[in-house]
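Notes to accompany the following structure.
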Amino acid sequence: MAYTAFGERCKGDWRVSDPLPPIIPALTNRGFTGHEHIDEMGLIHMNGRVYDPQIGRFLSTDPYIQSPYNTQSYNRYSY
3 MAYTAFGERC
13 KGDWRVSDPL
23 PPIIPALTNR
33 GFTGHEHIDE
43 MGLIHMNGRV
53 YDPQIGRFLS
63 TDPYIQSPYN
73 TQSYNRYSY
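Here it is as structure tokens:
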């Protein structure tokens with residue numbers, strides 16, 4: 003299994019395919035970082051937030067500010 007830079011599954015020749023039908027769901031529902039892929043919707047469930055690899059963004063904000071003294075922490079869509 004191959005992945006694009008944004009975590010989207012792709013074929014071995016690096017062509018991004020339509021959302022892949024799960025071949026063996028118990029073995030293929032986890033992606034490169036170990037997060038659950040929702041193949042029917044083309045999304046990645048990251049245990050608290052949902053990520054869309056086609057647009058390269060989270061669909062919701064992070065409810066927790068990690069470090070209030072780090073300005074990057076105020077970008078609530080960052081990883």
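Quick note: the sequence shown uses our numbering, first residue 3, plus one each step.
A virtual CB, placed ideally from N, CA and C, is assigned to each residue, including glycine.
Please read all numbers here as calculations on a predicted model, not as lab measurements.
Where does residue i fall in DSSP's three states?
{"i": "residue 81", "result": "coil"}
{"i": "residue 43", "result": "coil"}
{"i": "residue 66", "result": "coil"}
{"i": "residue 76", "result": "helix"}
{"i": "residue 4", "result": "strand"}
{"i": "residue 11", "result": "strand"}
Check the C-beta distance from residue i over to residue j and give it rounded, since I have them as a contact under 8 Å.
{"i": "residue 40", "j": "residue 47", "result": "6 Å"}
Determine the contact status of residue i and residue j, defining contact as a CB-CB distance below 9 Å.
{"i": "residue 79", "j": "residue 67", "result": "no"}
{"i": "residue 71", "j": "residue 33", "result": "no"}
Closest by CA to residue i, which one among the options?
{"i": "residue 51", "options": "42, 9, 43 and 65", "result": "65"}
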